[in-house]
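Colleague:
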Amino acid sequence: MEVGFIGLGIMGSRMAANLQKSGYQLTVYNRTPGKANDLVAQGAVEVQTAAEAARRGEVVITMLSTPQVVEETALSADGFLDAMQPNSIWIDCSTVNPTFSRQMAMEANRRGIRFLDAPVAGSKVPAERGELTILVGGDEPDVEVCRGIFEAVGQRTIHAGGHGMGSALKMVFNLLLGSSMVAFSEGMVLGEALGLEQARLFDILSNAIVIAPFVFGKRGKIENENYDADFPLQWMQKDLQLASVSAYEQGVPLPAVNVIKEVYAQAIRDGLGEQDFSAIYAYFRRGLKV
Ligand SMILES: NC(=O)c1ccc[n+]([C@@H]2O[C@H](COP(=O)([O-])OP(=O)(O)OC[C@H]3O[C@@H](n4cnc5c(N)ncnc54)[C@H](OP(=O)(O)O)[C@@H]3O)[C@@H](O)[C@H]2O)c1
272 MEVGFIGLGI MGSRMAANLQ KSGYQLTVYN RTPGKANDLV AQGAVEVQTA AEAARRGEVV
332 ITMLSTPQVV EETALSADGF LDAMQPNSIW IDCSTVNPTF SRQMAMEANR RGIRFLDAPV
392 AGSKVPAERG ELTILVGGDE PDVEVCRGIF EAVGQRTIHA GGHGMGSALK MVFNLLLGSS
452 MVAFSEGMVL GEALGLEQAR LFDILSNAIV IAPFVFGKRG KIENENYDAD FPLQWMQKDL
512 QLASVSAYEQ GVPLPAVNVI KEVYAQAIRD GLGEQDFSAI YAYFRRGLKV
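Using the numbering used here, the first residue of the sequence shown is number 272, and each one after it goes up by one.
1. Opposite Ile405 in the DSSP bridges: which residues?
2. In terms of residues, what are the limits of the alpha helix (DSSP H) holding Phe371?
3. Between the Cα of Cys364 and those of Asn497, Gln546, Leu279, spot the shortest distance and give me the residue it belongs to.
4. Going along the chain, which residues of its own chain have a beta-carbon closer than 8 Å to the beta-carbon of Val274, five neighbours each way excluded?
5. Using a threshold of 7 Å, state whether the C-beta atoms of Val528 and Leu513 are closer than that.
6. Which residue spans inside the stretch 461 to 526 form an unbroken alpha helix (DSSP H) run of at least 4?
7. Out of Gly283, Ile531, Ala322, Ala345, state which residue places its alpha-carbon closest to the alpha-carbon of Phe455.
8. Quick check on this structure: which residue in Met377, Gly544, Arg302 has the alpha carbon closest to the alpha carbon of Gly435?
9. Under 8 Å, with one C-beta from each stretch per pair, do the stretch 493 to 511 and the stretch 424 to 434 reach the 3-pair mark?
10. Please check the pair Thr337 and Ile277, which I expect to be a contact at CB under 8 Å, by giving their CB distance rounded to whole angstroms.
11. Here's a check: name, in chain order, each residue in its chain whose Cβ is nearer than 8 Å to the Cβ of Tyr554, leaving out the five neighbours to either side.
12. Based on the DSSP secondary-structure assignment, which residues constitute the bridge partners of Asp547?
13. Locate the beta strand (DSSP E) running through Gly433, then write down its first and last residues.
14. I need the DSSP call for Asp363, collapsed to helix, strand or coil.
15. Give the range of the alpha helix (DSSP H) segment to which Val341 is assigned.
16. Would you kindly report the start and end of the unbroken beta strand (DSSP E) that includes Val330?
17. Report the residue from Arg556, Gly393, Glu342 whose alpha carbon sits nearest the alpha carbon of Val231.
18. With a CB to CB cut of under 7 Å and the five nearest residues on each side skipped, what residues in its chain are close to Leu504?
19. I need the DSSP call for Gly419, collapsed to helix, strand or coil.
20. How long is the line joining the alpha carbons of Met375 and Thr320, rounded to whole angstroms?
21. Identify the continuous alpha helix (DSSP H) that holds Ile281 and give its terminal residues.
22. Please say whether Gly425 and Leu447 have beta carbons closer to each other than 7 Å?
23. Should Ser438 go down as buried or exposed, given a rule of 16 or more other Cβ atoms within 10 Å for buried?
24. Please list, in chain order, all residues of the same chain as Ile360 whose beta carbon is under 8 Å from its beta carbon, the five residues on each side excluded.
25. Taking Cβ positions, are Gly462 and Leu476 nearer each other than 7 Å?
26. Go ahead and label Glu317 buried or exposed: buried means 16 or more other beta carbons lie within 10 angstroms of its beta carbon, across all protein chains shown.
27. Could you tell me which of Gly350, Ser394, Gly283 sits nearest to Leu335, measuring between CA atoms?
28. Between Tyr519 and Ile482, what straight-line distance do the alpha-carbon atoms span, to the nearest angstrom?
29. Just to check, is the beta-carbon of Ile332 closer than 6 Å to a non-hydrogen atom of ligand 1?
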């Protein structure tokens with residue numbers, strides 16, 4: 272099957288590599304050149320525009336940063352949606368809000384294109400290992416056509432419902448991820464200020480049920496004070512903003528999440544946006560005398 276792949280960042284580059292290993296023929300596009308070199312060495316075709324990447328694919332996958340970038344790449348004058356083959360499928364794996372996914376489904380359907388929102392749970396390492404969880408919204412027959420693709424990049428596919436429901440589920444996942452990281456960081460910083468050692472706290476908490484298990488995957492980054500991004504902090508703030516917008520649309524108050532979102536905003540202002548989101552710990556720890 273020919274697949275057009277648009278967006279070769281931390282996640283997209285690794286997902287594309289796994290599709291290639293599973294035998295999919297890739298035509299790839301990334302705004303900044305140079306990120307497709309490994310894929311090209313393995314037989315992918317790199318093109319200069321998103322529209323060119325979309326032209327030949329039976330399926331087109333986007334893995335882009337924000338709803339604004341997805342919209343511009345799909346719908347601007349030289350966007351890819353008008354270049355797609357009739358009846359082909361656009362899978363948007365970017366993390367966006369459910370209302371936006373439904374808008375993109377409408378835009379696609381108007382052009383005779385099928386659409387799935389399919390954001391992913393799991394970060395850089397699961398992406399590399401093909402161990403993501405794919406959260407899918409859309410029509411069952413389209414999910415079935417794409418099942419092989421999902422199995423190439425992930426170990427679990429959850430069909431959450433119609434258009435937008437994959438993105439709805441993703442809002443819940445990242446709300447928990449972003450909030451848990453902040454709660455953990457505040458707890459650790461208080462513990463350290465009270466005289467408990469960081470390593471000892473980690474050891475004790477790893478046998479307790481009070482923290483989210485993903486936090487232990489961040490231990491190396493925290494202990495080495497090396498926050499190279501698996502999941503950039505700026506996209507966590509974006510995701511909490513999308514959760515906030517979604518809550519507003521539904522009339523649901525999210526008081527804690529809105530405060531936590533602003534903590535990430537402050538960390539971005541302090542220069543941490545491109546670091547891993549676990550750098551929120553370093554943000555809290557600044558100035559702490561231990
Ligand atoms: N990293 C994670 O752990 C993780 C996990 C689950 C979901 N996600 C979600 O997956 C998506 C991608 O995340 P990522 O971590 O791979 O981010 P990333 O490394 O920052 O990649 C972002 C991608 O979007 C492209 N892009 C950004 N602005 C653009 C523009 N104005 N025009 C065209 N292309 C543009 C980038 O192109 P350039 O190379 O030219 O900048 C790159 O291909 C995001 O929605 C994120 O929230 C990430």
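C-beta atoms are modelled at their ideal positions from N, C-alpha and C, and glycine is treated no differently.
Since the structure is predicted, the reported quantities are computational estimates derived from the model, not experimental observations.
Modeller: On the basis of the supplied data:
1. Val391, Thr428
2. 369 to 381
3. Leu279
4. Leu290, Tyr295, Gln296, Leu297, Thr298, Gly328, Glu329, Val330, Val331, Ile332, Ile420
5. no
6. 469 to 476, 490 to 495, 504 to 521
7. Ile531
8. Met377
9. no
10. Thr337 to Ile277, Cβ: 14 Å. No contact.
11. Ser456, Val534, Gln537, Ala538, Asp541, Leu543
12. Pro503
13. Counting along the chain, Gly433 falls outside any beta strand (DSSP E), and DSSP gives it neither H nor E.
14. strand
15. 338 to 346
16. 330 to 333
17. This structure cannot speak to residue 231, because the chain is shown only from 272 to 561.
18. Tyr535, Ala538, Ile539, Leu543, Gly544, Gln546, Asp547, Phe548, Ala550, Ile551
19. helix
20. 20 Å
21. 281 to 292
22. no
23. buried
24. Glu329, Val330, Val331, Ile384, Arg385, Phe386, Leu387, Asp413, Val416, Cys417
25. no
26. buried
27. Gly283
28. 28 Å
29. no
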